[in-house]
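A.B. asks: Numbering (the numbering used here), first residue to last: 33 to 997. For each residue, glycine too, the CB sits at the ideal point set by N, CA and C.
#1: Of the residues 47, 48 and 35, which one's Cα is nearest the Cα of residue 61?
#2: Taking the alpha carbon of residue 240 as the point to measure from, which residue in 217, 824 and 209 has its own alpha carbon closest?
#3: Does the pairing of the stretch 689–702 with the stretch 649–663 give three or more beta-carbon distances under 8 Å?
#4: Please classify residue 841 as buried or exposed, where buried requires at least 16 neighbouring CB atoms within 10 angstroms.
#5: So, helix, strand or coil for residue 1010, using DSSP?
#6: Kindly identify the DSSP beta-bridge partner or partners of residue 45.
#7: Per the DSSP calculation, residue 478 is bridged to which residue(s)?
#8: How would you call residue 984, buried or exposed, if buried means at least 16 neighbouring beta carbons within 10 angstroms?
#9: Since residue 663 sits in a beta bridge, which residues does DSSP pair it with?
#10: With a threshold of 16 other CB atoms inside 10 Å of the CB of residue 719, please say whether the residue is buried or exposed.
#11: Is the stretch 413–420 in contact with the stretch 467–478, if contact means three or more CB pairs nearer than 8 Å?
#12: Quick one: what does DSSP say residue 34 is sitting in, helix, strand or coil?
#13: My understanding is that residue 805 touches residue 797, with C-beta atoms under 8 Å, so please give their C-beta distance in whole angstroms.
#14: Pull the bridge partners of residue 633 from the DSSP assignment, please.
#15: Flag this pair as touching only if the stretch 730–745 and the stretch 756–768 have three or more C-beta atom pairs under 8 Å; answer yes or no.
#16: What is the DSSP secondary structure of residue 902, reduced to helix, strand or coil?
#17: Kindly confirm or deny that the stretch 515–525 and the stretch 395–415 touch, where touching means at least three C-beta pairs closer than 8 Å.
#18: Within 10 angstroms of its Cβ, does residue 587 collect 16 or more other Cβ (buried), or is it exposed?
#19: For residue 90, which residues in the same chain have their Cβ closer than 8 Å to its Cβ, ignoring the five residues on either side in sequence?
#20: Classify residue 453 as buried or exposed, calling it buried when 16 or more other Cβ atoms lie within 10 Å of its own Cβ.
#21: Is it true that the CB of residue 50 sits closer than 7 Å to the CB of residue 104?
#22: Look at the Cβ atom of residue 959, then the Cβ atom of residue 922, and state whether they are nearer than 7 Å.
#23: Secondary structure at residue 961, three-state DSSP: helix, strand or coil?
#24: Using only alpha-carbon positions, find the residue among 814, 449, 456 and 116 that is nearest to residue 470.
#25: Under the rule that 16 or more other beta-carbon atoms within 10 Å means buried, what is residue 532, buried or exposed?
#26: Three or more C-beta pairs under 8 Å: does that hold for the stretch 892–905 against the stretch 848–865?
#27: So, with DSSP's three-state summary, where would you put residue 133?
#28: Can you check the stretch 795–838 for any beta strand (DSSP E) of at least 3 residues that lies completely inside it and give the ranges in chain order?
#29: On a Cα-Cα basis, can you pick out the residue from 466, 412 and 833 that is closest to residue 809?
#30: Could you have a look at residue 986 and say whether DSSP puts it in helix, strand or coil?
#31: With a cut-off of 8 Å, do at least 3 Cβ pairs link the stretch 761–781 to the stretch 631–650?
#32: Looking only at C-alpha atoms, which of 491, 468, 197 and 220 sits nearest to residue 441?
#33: Report the residue ranges of all alpha helix (DSSP H) runs contained in full by the stretch 200–260; include only those spanning at least 4 residues, in chain order.
#34: Could you give the DSSP three-state label for residue 127: helix, strand or coil?
#35: Determine the closest residue to residue 192 out of 146, 237, 153 and 811, with distance taken between C-alpha atoms.
#36: Can you give me the C-alpha to C-alpha distance between residue 705 and residue 698, rounded to a whole angstrom?
Here is the structure:
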């Protein structure tokens, strides 16, 4: 057993995490774990669960959460680990061995790391300590001030550990690793000066002086803009040491890896630059800075004093350029033809380009028109860049491979007027020269088709008035973190813009002749500009083809991609180049997503499709999202573009049957968990199929609200899954997937459920399964009743008990009789209803099922009260209450107390009736069953006008209104 605070608050057991439930219960556990083996007072727990005035029933809420948490620990056999949650007066104490708590193990590892004499051992200890973190501390808790303060303290410890790990790497001379450890945290905490200073030092010692200095200036600007302050002593000292070429006191511990020491203190202004080109990549940047401040040329001349000059102290660069006044550089390809729409994206580029030295990141899936957007904007804004426009295709998703950065820089430098013999051969030197040349220019740089951030950084210009447009199929979040790149996402075209694009290629006359067919083509192409251009190219070469004819061809999913492929250009070719960049596990996940019968998917659904687990699936989905092959529409919820789905499906058609079965069984398992959470304690609404395949993991629903939200969000996909199951002949899955939505059906009964339930009935009958047919008829009959179709409902429900008997399903027969009785009572057949409900009680009692017996007795009591038989109603309610209450039956207990109280009133025992109704209302309020509270308080207000009851009634009605919203 393991208790975790370093990430999502959880309790891990051998069988998986405990279902802790809502945030307040996790907050309670967190507060107890933060003071493990120490009593925590009720007042302190209250502060941890509410950030303002707590409600009047706060103590009851805490007691309820403690009770549930204690039950979870007992159920997980926590006592075998010495774990015990005990009550001590007005406080609670969680007794456990501290070795079970991840924060304790974290602190132990830090202590061990400090005691190690060998820095390599310290590195191992520190890495193990940091591996305990699974995300931000205390995730999933209520953000009350005490827990926020604890989370902040833990995060400070983590950051200090990261800095300690980087220091240990530095002692070992592994400065690149130190920089890698620090960069992520420095990007996430850009105003933490100690991180920035440590990163600068590590970068400098790794021979990456220019990056170190860039990081200083970025941090300096951020401090000035956000806080209006200058860098502190730590950051300023690191900057000064780098400018002096002084590695600091740790340098002595690093082995001298190159002749003269790359960046070492023994270098002098007169060192031979020819030798340094091989040993000290940072020196070229020194030379560039020297020339900016001093004389022309790349070699020779004293350099130390110039290195210390402020970055913008000099005038325009005087590097050796071609003779005469340099002309504006222009490597930009021609403007795209037939460009349509994109007003919002063009405006976003304009806003993004207005900042200081902006980097605009145009991202989107293959074929969405990123390059066209960038080039259109570049040509439209040519006047804003009098010093030129540079363009490079980085071929990040090409069969021909990416160009080396130095090759791109060479083209840029030549375009800027540098003589060929003056172009440096190393990337760092060429990049430094490029930044120096562009320092005082107004220049546009377009870097097209970038695969990753690393391929972009050396190509960024140095001037504050320069603008860089980067296009990529990947999100390049590293570039956002390191260079404050402003993302401009590009999505598919709206139908009207897609139609306009077709008109731009085919001519307006041809499109206006078939406007509806043109719009249909735009929709079948999914608004993807590449698909639209290929479609237009096919039609342009075949003037006798009609738009409607091609639309009919594209409507067939089996051949759609074939029609969207022409020569070496097309949707399949573009997607192939994206997919070939993926890791094997991401490709496997992608191919299985093509067989998803629904529209949306989460990591659990993706895992079922791929036959993996949700953690692996989530990682694969993140990689696919980075490559814009899937789109995240909400946290943890993704979709596929229709054309991408068809392409993925075609990559592995043989896996279709297995993927479908897996995802259907995933939906059954998840919907079972949701139904059990939303309406706990009941009999399962069916037995699982014999060949059911349990998924690797099933979503844990914290509470009823979470379960109901999932059922609502997945309604359409569950319906699509049921249709796919029926189409595939998997009728045993189809009716189960539909039936499992019963909590949502009950909650939103008038939301047109009949067609779906009729589909389930058809599958049950196709299986010739009386068990299934009876279960479906029960729910369908009830829905028809609520829709006002009473006669149809009775006709269906009258068949259900007999089918259940035929299947030997006695509990199903009892449930069917209760449902039939309720409809009969509403239709005026109260006598028949009383007989059927009594029979249901007998069946449930014979089967020993207390839940169904309580259900039948509850309805029987209500019918007896309606029939003016209050004593019988009271006896039925008492009999039902004597069966429990189990914890899961609290809502039913409230209803039974209510009908019992009303029966007492009808018998003339007003005092006992009020007492019983008051108890029902109090229990409903304690458990959060507001609907039950309203019913009990309504009955009370009919016999007493006490202000307290009126206030509680209005509060309960108010809470119900909020819940309905």
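C.D. replies: The short version:
#1: With distances taken between Cα atoms, residue 61 lies closest to 35.
#2: Nearest to residue 240 by C-alpha distance, out of 217, 824 and 209, is 209.
#3: At 8 Å Cβ cutoff, the stretches do not touch.
#4: Counting Cβ neighbours within 10 Å, residue 841 comes out buried, since at least 16 surround it.
#5: This structure gives no information on residue 1010, because the portion of the chain shown stretches from 33 to 997.
#6: Looking at the DSSP assignment, residue 45 forms a beta bridge with 48.
#7: Note: residue 478 sits in a beta bridge opposite 423 and 501.
#8: Residue 984 is buried by the Cβ-count criterion.
#9: By DSSP's assignment, residue 663 forms a beta bridge with 671.
#10: Exposed: under 16 other Cβ atoms inside 10 Å.
#11: Counting Cβ pairs under 8 Å, three or more are found: they touch.
#12: Three-state result, residue 34: strand.
#13: Correct: roughly 6 Å between the Cβ atoms.
#14: Paired residue(s): 670.
#15: Contact fails: fewer than three Cβ-Cβ distances are below 8 Å.
#16: If DSSP states are grouped into helix, strand and coil, residue 902 belongs with the helices.
#17: Contact between the stretch 515–525 and the stretch 395–415 is present, because at least three Cβ pairs lie under 8 Å.
#18: Burial call: exposed.
#19: Correct list, in chain order: 78, 81 and 82.
#20: Taking a 10 Å sphere around the C-beta of residue 453, we find fewer than 16 other C-beta atoms and assign the residue as exposed.
#21: The criterion of a C-beta distance shorter than 7 Å is satisfied by residue 104 and residue 50.
#22: Contact flag set, yes.
#23: DSSP, read as helix, strand or coil, puts residue 961 in coil.
#24: Considering only alpha carbons, the answer is 449.
#25: Under this definition residue 532 is a buried residue.
#26: Result yes; three or more Cβ-Cβ pairs closer than 8 Å.
#27: When DSSP states are grouped into helix, strand and coil, residue 133 belongs to the strand group.
#28: Runs found: none.
#29: It is 833.
#30: Of the three classes helix, strand and coil, the one that applies to residue 986 here is helix, per DSSP.
#31: Touching, no, given that fewer than three Cβ pairs across the two stretches are closer than 8 Å.
#32: When the alpha-carbon of residue 441 is set against those of 491, 468, 197 and 220, the nearest one is in 491.
#33: As far as the stretch 200–260 is concerned, its whole alpha helix (DSSP H) runs of at least 4 residues are 207–220, 225–237 and 241–259.
#34: Note: residue 127 maps to strand in three-state DSSP.
#35: Of all alpha-carbon atoms in 146, 237, 153 and 811, the one lying nearest the alpha-carbon of residue 192 is that of 146.
#36: Cα-Cα distance, rounded: 11 Å.
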